[in-house]
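Report on the following structure.
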Amino acid sequence: DQQVKQNSPSLSVQEGRISILNCDYTNSMFDYFLWYKKYPAEGPTFLISISSIKDKNEDGRFTVFLNKSAKHLSLHIVPSQPGDSAVYFCAALVTGGGNKLTFGTGTQLKVEL
Amino acid sequence: GAVVSQHPSRVICKSGTSVKIECRSLDFQATTMFWYRQFPKQSLMLMATSNEGSKATYEQGVEKDKFLINHASLTLSTLTVTSAHPEDSSFYICSARAPGKRANQPQHFGDGTRLSIL
């Protein structure tokens with residue numbers, strides 16, 4: 104039972120354009136969401152997060168949007184840079200649930216010159 | 068920033084061997100560490116929560132006698148895959164909750180261990 108889903112295994116975007124990575128979840132108990140970025144042969148690194156009491160959080164080129172009614176969140180990267188090429192994981196947790204993360208399957212982003 | 072070190076990065080061994088993987092928090096104390104497993108083209112799946120000075124908490128379906136976890140200090144947790152078989156071949160990765168007072172502090176991950184059982 105995949106509670107966090109990233110339906111696009113890959114995404115290709117031109118440098119300078121916007122990258123939009125999508126994530127859907129089914130567990131309505133999730134109230135905190137995170138995006139992690141992973142390069143080959145390295146562990147995931149934390150990128151940005153959002154609490155369910157918000158619908159948007161911005162940090163530099165990265166913005167996460169949350170639509171609770173649709174159980175959907177997205178990560179926007181603008182402008183996209185070649186160094187952004189990586190696998191992006193969406194993760195969710197229930198506050199007070201022991202900080203246990205439930206991950207999506209990841210989206211491979213390729214930013215082309 | 069906080070760093071988590073995981074060792075070894077790759078293990079290839081024969082069926083029946085027990086394999087130990089170490090996870091260290093390098094510049095902070097971690098009372099809680101997490102162990103995940105990732106099969107090809109699947110998501111990271113939480114196996115267990117490692118608590119310093121107490122027994123690990125295992126997720127449903129994870130055999131605690133197969134995957135032994137020890138968290139003897141505030142900077143080290145170990146995962147031992149006992150009598151490993153080919154179906155245990157996977158990518159194992161640990162994480163530690165970053166220090167801080169926020170309820171949902173992000174986890175910092177090691178670089179993972181690729182385990183291949185022949």
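Chains as they are written, first to last, in the numbering used here: chain A, 104 to 216; chain B, 68 to 185.
By construction, the Cβ of each residue, glycine as well, lies at the ideal position given by its N, Cα and C atoms.
Ordered along the chain, which non-local residues of its own chain (more than five positions away) have a Cβ less than 7 Å from that of residue i?
i: A:Tyr142; result: Ala189
i: B:Ile184; result: Cys80, Ser82, Ala151, His152, Pro153, Asp155 and Ser156
i: B:Arg164; result: Ala97, Thr99, Gln172 and Gln174
i: A:Met132; result: Val197
i: A:Tyr185; result: Sequence inspection shows Pro at residue 185 of chain A; the Tyr mentioned does not correspond to that position. If we look at A:Pro185 and ignore the five residues flanking it on each side, its Cβ neighbours are Glu118, Val214 and Leu216.
Can you list, in chain order, the residues of its chain whose CB lies under 8 Å from that of residue i, leaving out five sequence neighbours each side?
i: A:Ser113; result: Thr210, Gln211, Leu212 and Lys213
Would residue i pass as a contact of residue j if the rule is Cβ separation under 9 Å?
i: B:Lys168; j: A:Thr208; result: no
i: B:Ala170; j: A:Thr198; result: yes
i: B:Glu126; j: B:Leu113; result: yes
i: B:Tyr159; j: B:Thr142; result: no
i: A:Leu150; j: A:Tyr191; result: yes
i: B:Arg134; j: B:Thr116; result: The residue you asked about is not Arg; residue 134 of chain B is Phe in the sequence shown. No. Outside cutoff.
i: A:Ala195; j: A:Gln106; result: yes
Just verifying my parser: in three-state terms, what is the DSSP assignment at residue i?
i: B:Glu154; result: helix
i: A:Asp187; result: helix
i: B:Ile88; result: strand
i: A:Glu215; result: strand
i: B:Gln174; result: strand
i: B:Arg77; result: strand
i: B:Asn137; result: strand
i: B:Ile98; result: Strictly speaking, residue 98 of chain B in this sequence is Thr, with Ile absent from that position. Coil.
i: A:Ile121; result: coil
i: A:Lys108; result: strand
i: B:Leu185; result: coil
i: A:Ala194; result: strand
i: B:Arg169; result: coil
i: A:Thr129; result: coil
i: B:Phe106; result: coil
i: A:Ile156; result: coil
i: B:Ala123; result: coil
i: A:Asn202; result: coil
i: B:Leu93; result: coil
i: B:Ser82; result: coil
To which residues of the same chain is residue i closer than 6 Å at the C-beta, ignoring the five residues directly before and after it?
i: A:Asn116; result: The identity of residue 116 of chain A in the sequence shown is Val, whereas the question assumes Asn. Counting only Cβ-Cβ distances below 6 Å, and skipping sequence neighbours, we find Ser122, Ser183 and Val214.
i: A:Ser177; result: Ile123, Asn125 and Phe168
i: B:Ser92; result: Val71, Thr142 and Ala163
i: A:Glu145; result: none
i: A:Ser154; result: Tyr135
i: B:Arg104; result: Met112, Met114, Ser157 and Tyr159
i: B:Arg77; result: Arg181
i: B:Phe106; result: Ser157
i: B:Lys131; result: Tyr125
Locate the beta strand (DSSP E) running through residue i, then write down its first and last residues.
i: B:Thr147; result: Leu143 to Val148
i: A:Lys159; result: Lys159 to Asp162
i: A:Thr208; result: Premise fails: A:Thr208 is in no beta strand (DSSP E) and is neither H nor E.
i: A:Phe136; result: Tyr135 to Lys141
i: B:Leu113; result: Met112 to Asn118
i: A:Leu169; result: Phe165 to Asn170
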